[in-house]
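I have placed the structure first, in the form of structure tokens, so that the comments after it can refer back to it.
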Amino acid sequence: MKRDPMLMEAILGQLLQSPDPLVSASHIAQRLNVEPPVVRHHLSLLQDRQLVDESESGVWRLTNHGHDYVEGTPEQSMALKLSS
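Going by UniProt numbering, 29 is the number at position 29 of the sequence shown; the sequence numbering is gapless.
This is the structure in structure tokens:
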């Protein structure tokens with residue numbers, strides 16, 4: 001499966017905009033009209049970059065580093081760009 005940087009950005013946006021800090025991969029997939037396995041793969045890639053974290057119950061959240069990246073705070077300059 002190829003990495004899709006636009007999908008990764010969309011997933012981060014969904015996590016940021018969610019009223020609940022914990023969101024399931026299937027909920028994100030439904031909101032983005034993407035198959036759940038594709039979303040889970042991209043969530044794992046985002047987790048590799050420490051932008052998201054999965055809880056024991058299988059739901060996902062933005063990490064502090066993820067908030068910095070999405071919100072464009074000064075700490076973002078230390079984050080790896082998704083397209084690299």
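Here a beta-carbon is modelled for each residue, glycine too, at the ideal position from N, C-alpha and C. No experiment lies behind these values; they were computed from the predicted model shown.
CB contact flag (residue i, residue j, <8 Å)
i   : j   : result
M6  : H42 : no
E56 : Q47 : no
G58 : L12 : no
P36 : S44 : no
Whole-number beta carbon distance between residue j and residue i, since they are thought to touch under 8 Å
i   : j   : result
L32 : V39 : 7 Å
V52 : W60 : 5 Å
Reference residue i, options the options, closest by Cα
i   : options              : result
I28 : L62, M1 and E71      : L62
V34 : N64, A10 and Q17     : A10
Q30 : G72, K2, Q14 and Q50 : Q14
Contacting residues, own chain, Cβ-Cβ under 7 Å from residue i (five flanking each side not counted)
i  : result
D4 : H42
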